[in-house]
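What follows is a single structure, written as structure tokens, with notes after it.
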Amino acid sequence: MATETASRVDEGGVSAGLGLGDGRRLLRGAVGVAGFLLVWHAVSLTQEPFVLPSPIAVAGAFGSEFASGDMTTALFQSFWHWLPGTVAGTGLGVAAGVAFGWSRLLDDLTAPLVRTLRPVPPLALIGFAIAWFGINDWGAAFIIAVGAFWINFYAAYGAVEGVSEDLLDVGRTLGVRGDLDAVRSIVLPASLPGIMTGIRTGLGRCWMLVVASEIFGVPGVGREIIRASNNLRVDRAIAYILVLSLMYLLVDVAFRAVERRALSWRA
Amino acid sequence: MAGVNGDPADAAERNGRDPPARPDEAPEAASVALDGVGKTYPGDGDGGSVRALDDVSFSVADGEFVCLVGPSGCGKTTLFRIVAGLTEATDGRVLLDGTEVTGPTTDMGVVFQEYHLFPWLTVAENVGFGLERSDRSPAEREARVDEMLDLVGLTEFRDAYPKSLSGGMKQRVAIARSLAVDPDLLLMDEPFGAVDAQTREMLQRELLDVWESTGKTVLFVTHDVAEAVTLADRIVVMAAEPGRVREVVDVDVERPRERGDAAFAEHVGRVRELIGAGR
Numbered sequence: 057m058a059t060e061t062a063s064r065v066d067e068g069g070v071s072a073g074l075g076l077g078d079g080r081r082l083l084r085g086a087v088g089v090a091g092f093l094l095v096w097h098a099v100s101l102t103q104e105p106f107v108l109p110s111p112i113a114v115a116g117a118f119g120s121e122f123a124s125g126d127m128t129t130a131l132f133q134s135f136w137h138w139l140p141g142t143v144a145g146t147g148l149g150v151a152a153g154v155a156f157g158w159s160r161l162l163d164d165l166t167a168p169l170v171r172t173l174r175p176v177p178p179l180a181l182i183g184f185a186i187a188w189f190g191i192n193d194w195g196a197a198f199i200i201a202v203g204a205f206w207i208n209f210y211a212a213y214g215a216v217e218g219v220s221e222d223l224l225d226v227g228r229t230l231g232v233r234g235d236l237d238a239v240r241s242i243v244l245p246a247s248l249p250g251i252m253t254g255i256r257t258g259l260g261r262c263w264m265l266v267v268a269s270e271i272f273g274v275p276g277v278g279r280e281i282i283r284a285s286n287n288l289r290v291d292r293a294i295a296y297i298l299v300l301s302l303m304y305l306l307v308d309v310a311f312r313a314v315e316r317r318a319l320s321w322r323a
Numbered sequence: 045m046a047g048v049n050g051d052p053a054d055a056a057e058r059n060g061r062d063p064p065a066r067p068d069e070a071p072e073a074a075s076v077a078l079d080g081v082g083k084t085y086p087g088d089g090d091g092g093s094v095r096a097l098d099d100v101s102f103s104v105a106d107g108e109f110v111c112l113v114g115p116s117g118c119g120k121t122t123l124f125r126i127v128a129g130l131t132e133a134t135d136g137r138v139l140l141d142g143t144e145v146t147g148p149t150t151d152m153g154v155v156f157q158e159y160h161l162f163p164w165l166t167v168a169e170n171v172g173f174g175l176e177r178s179d180r181s182p183a184e185r186e187a188r189v190d191e192m193l194d195l196v197g198l199t200e201f202r203d204a205y206p207k208s209l210s211g212g213m214k215q216r217v218a219i220a221r222s223l224a225v226d227p228d229l230l231l232m233d234e235p236f237g238a239v240d241a242q243t244r245e246m247l248q249r250e251l252l253d254v255w256e257s258t259g260k261t262v263l264f265v266t267h268d269v270a271e272a273v274t275l276a277d278r279i280v281v282m283a284a285e286p287g288r289v290r291e292v293v294d295v296d297v298e299r300p301r302e303r304g305d306a307a308f309a310e311h312v313g314r315v316r317e318l319i320g321a322g323r
């Protein structure tokens with residue numbers, strides 16, 4: 057896919073995917089961003105800074121927060137909420153989704169429970185996070201894990217349900233016996249595209265949840281956003297929001313590269 | 045049911061096939077016997093159950109090539125799945141070399157119409173899939189995969205993924221995959237139904253070559269009468285509603301068979317007539 061994208065550069069065609077190799081697409085994106093910044097700046101001239109700071113003020117806040125080291129500290133703190141929360145939630149979500157999607161028995165046993173718990177927003181579980189883990193990194197990671205869990209659970213569940221019965225039949229005629237063998241050799245690889253989509257969606261969602269997970273006082277980027285907003289320092293708030301966006305972008309680009317590689321067999 | 049239990053050695057002789065002298069492999073073929081196989085699908089509660097197959101009995105001898113033809117709705121595919129052990133029969137049983145088939149077995153190589161290659165595996169990995177569950181050593185497995193790829197002429201595509209193969213190539217991979225575990229019986233459900241006519245004829249010739257070089261027993265389901273007459277020692281003609289055996293036709297034409305031959309046309313006509321009468 058990467059080579060395909062690159063080969064289209066000369067033709068100036070529109071290509072899907074990352075598009076980093078596509079000059080025209082990049083240029084258009086840059087024009088869009090520049091236009092947005094211009095409009096933002098123009099509107100900000102008519103507003104108080106605590107309503108809408110100018111992009112220049114935001115850039116200044118970003119620079120000073122970065123220079124003081126506060127931003128890096130907050131980012132590291134948040135990273136240690138994001139990483140364990142995402143890893144645990146993703147791992148458990150994929151495992152449960154595959155198991156319940158494959159086993160009729162497990163599915164029947166858990167369906168009422170799953171449907172009851174599903175609509176509970178992670179934020180509503182802050183009380184449990186504090187009671188079970190305390191106001192600390194683990195409590196914040198727990199909130200993030202809950203969010204990652206459901207996204208991955210449903211993605212994996214759906215992907216496993218969609219595995220072709222015919223491929224399983226072929227496997228059986230070639231000696232696949234038992235649930236473990238079938239899951240390992242056919243169900244998992246066949247549902248990998250759906251599982252990967254879930255993981256990717258979850259990775260992004262977890263950066264959003266960083267803010268929610270730090271609402272009860274655990275330090276990090278989310279905490280800084282909330283504090284800056286409370287102090288009407290909207291420029292600082294936006295600077296920290298930008299950091300989250302950048303982290304999301306970084307992780308998403310990296311994961312897409314992994315995904316493309318793992319799914320290179322796909323048509 | 046004339047000729048159901050016809051002597052297969054006799055049939056081989058009539059077809060001008062040399063008695064099996066196969067230096068590459070010990071002749072490992074099996075006989076298949078269907079004994080009163082029936083299948084009823086339960087209705088939707090109003091008692092409207094459907095009898096898909098009724099008292100289907102015929103047998104395929106060691107090393108014999110038998111085609112199963114019939115009008116649509118005669119339960120060919122259901123019968124195929126029952127023989128493969130993928131669907132349970134309501135009545136009767138299937139015997140593979142005298143042993144009742146109770147589930148899928150690697151003694152049968154099964155080839156489906158839609159190939160069903162594993163898209164995440166390369167050609168070589170697809171062919172080696174069943175071998176991973178055998179007691180062969182890794183070196184033996186690799187040698188076997190190479191041998192199979194050579195047999196179907198896909199050696200240079202060993203590292204390609206199925207997405208980049210044509211329909212005919214995919215079906216060759218599927219055949220190689222089913223043969224790799226060295227089954228006694230090759231069971232095929234309209235395997236060439238999804239490829240163009242030209243590729244189909246080529247695949248038919250290749251299948252006959254494979255059959256002659258390996259000596260496998262073949263049970264081949266098709267709706268294409270000319271295909272059945274091209275390939276089979278005997279043709280089991282089915283009738284529909286419920287699916288049952290109408291007649292078994294011996295194909296007394298020397299191979300390779302030419303479609304223009306009078307004998308060929310005569311057999312095609314005879315089978316078509318039987319299928320028409322079975323509606």
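Sequence lines, in order, name chains A and B. Whatever position you read off the first sequence (first residue = 1), add 56 for my numbering. Whatever position you read off the second sequence (first residue = 1), add 44 for my numbering. Yeah, the Cβ is synthetic: ideal placement off N, Cα and C, and Gly gets one too. Here the structure is a predicted model, which is why all the values come from computation and not from measurement.
Exercise. Within 9 Å (strictly less), CB to CB, does B:T149 reach chain A?
Worked result: By this cut-off, B:T149 is an interface position.
Exercise. Does the distance from the CB of A:G276 to the CB of A:S285 come in under 9 Å?
Worked result: no
Exercise. CA-CA distance, B:D296 and A:A238?
Worked result: 44 Å
Problem set entry | Sequence-distant residues of its chain with Cβ nearer than 6 Å to A:I182 (five each side left out) | F272
For this session: Would you mind giving the Cβ-Cβ distance between A:A313 and A:M252, rounded to the nearest angstrom? I have them listed as a contact below 8 Å.
Result: In this structure A:A313 is not in contact with A:M252, their Cβ atoms being roughly 12 Å apart against a cut-off of 8 Å.
Exercise. Going along chain A in order, which residues have a C-beta closer than 9 Å to the C-beta of B:Y85?
Worked result: Going along chain A, no residue has its Cβ under 9 Å from B:Y85, so there is no contact; the nearest lies around 17 Å.
Problem set entry | Range covered by the alpha helix (DSSP H) that runs through B:V273 | Run containing B:V273: V269 to L275, per the alpha helix (DSSP H) assignment.
Problem set entry | Min CB distance A:D225 to chain B below 9 Å | yes
Exercise. Near A:P245, which residues of its chain fall below 7 Å by C-beta distance, leaving aside the five closest residues on each side in sequence?
Worked result: none
Problem set entry | Validate contact between the stretch 253-262 of chain B and the stretch 95-107 of chain B using beta carbons, cut 8 Å, 3 pairs | yes
Exercise. What's the C-alpha gap between A:G260 and A:M303?
Worked result: 9 Å
Exercise. Three-state secondary structure (DSSP) at B:A218?
Worked result: helix
Exercise. From what residue to what residue does the alpha helix (DSSP H) around A:I186 run?
Worked result: I182 to F189
Exercise. Going straight from the alpha carbon of B:L198 to that of B:T150, what length do you get?
Worked result: 23 Å
Exercise. How big is the Cα-Cα spacing for A:M127 and A:Y296?
Worked result: 8 Å
Exercise. How far does the beta strand (DSSP E) with A:F242 in it reach, from first residue to last?
Worked result: The sequence as given places Ile at residue 242 of chain A; Phe does not occur at that position. Segment: none, A:I242 is in no beta strand (DSSP E) and carries neither H nor E.
For this session: Return yes when the Cβ of B:L78 is within less than 9 Å of the Cβ of B:V127, no when it is not.
Result: yes
Problem set entry | Closer than 9 Å to chain D by CB, B:L140 | Considering every chain present, this structure includes no chain D. Its protein chains are A and B.
For this session: For A:D291, decide whether its Cβ has a neighbour in chain B, counting only Cβ atoms nearer than 9 Å.
Result: no
Problem set entry | chain A contact for B:L165 (CB, 9 Å cutoff) | yes
Exercise. Can you give the Cα-Cα distance for A:G91 and A:I207, rounded to whole angstroms?
Worked result: 35 Å
Problem set entry | Residue range of the alpha helix (DSSP H) that includes A:L131 | Residues D126 to W158.
For this session: Note down the Cα distance separating A:S120 from A:I255, rounded to an integer number of angstroms.
Result: 34 Å
Exercise. What are the residues of the stretch 160-190 of chain B that lie near chain A, defined by any Cβ-Cβ distance shorter than 7 Å?
Worked result: Going along the stretch 160-190 of chain B in chain order, one finds H160, F162, P163, W164, F173, G174 and R177 with a Cβ nearer than 7 Å to chain A.
Exercise. What residues in the stretch 224-244 of chain A bring their beta carbon closer than 9 Å to a beta carbon of chain B?
Worked result: Of all residues in the stretch 224-244 of chain A, D225, V226, G227, R228, T229, L230, G231, V232, R233, D237, S241 and I242 have a Cβ within less than 9 Å of some Cβ in chain B.
For this session: Just the C-alpha distance for A:W321 and B:F124, rounded to the nearest angstrom, thanks.
Result: 30 Å
Problem set entry | Residue range of the unbroken alpha helix (DSSP H) whose run includes B:A306 | A306 to A321
Problem set entry | Status (buried if at least 16 other CB within 10 Å, exposed otherwise) for A:F184 | exposed
Problem set entry | 7 Å CB neighbourhood of B:E302 in its chain, flanking five on each side removed | F308
Exercise. Under 9 Å between the Cβ atoms of B:L223 and B:G153?
Worked result: yes
Problem set entry | Proximal chain A residues relative to B:K207, where beta-carbon distance stays under 9 Å | W321, R322 and A323
Exercise. Does B:F264 have its Cβ less than 9 Å from a Cβ in chain A?
Worked result: no
For this session: Within its chain, find whatever has a CB closer than 7 Å to the CB of A:G227; leave out the 5 residues flanking it on each side and keep chain order.
Result: A238, S241 and I242
Exercise. What residues in the stretch 118-140 of chain B bring their beta carbon closer than 9 Å to a beta carbon of chain A?
Worked result: R125, A128, G129 and L130
For this session: Starting from B:E291, follow its DSSP beta bridges and name the residues at the other end.
Result: Per DSSP, B:V281.
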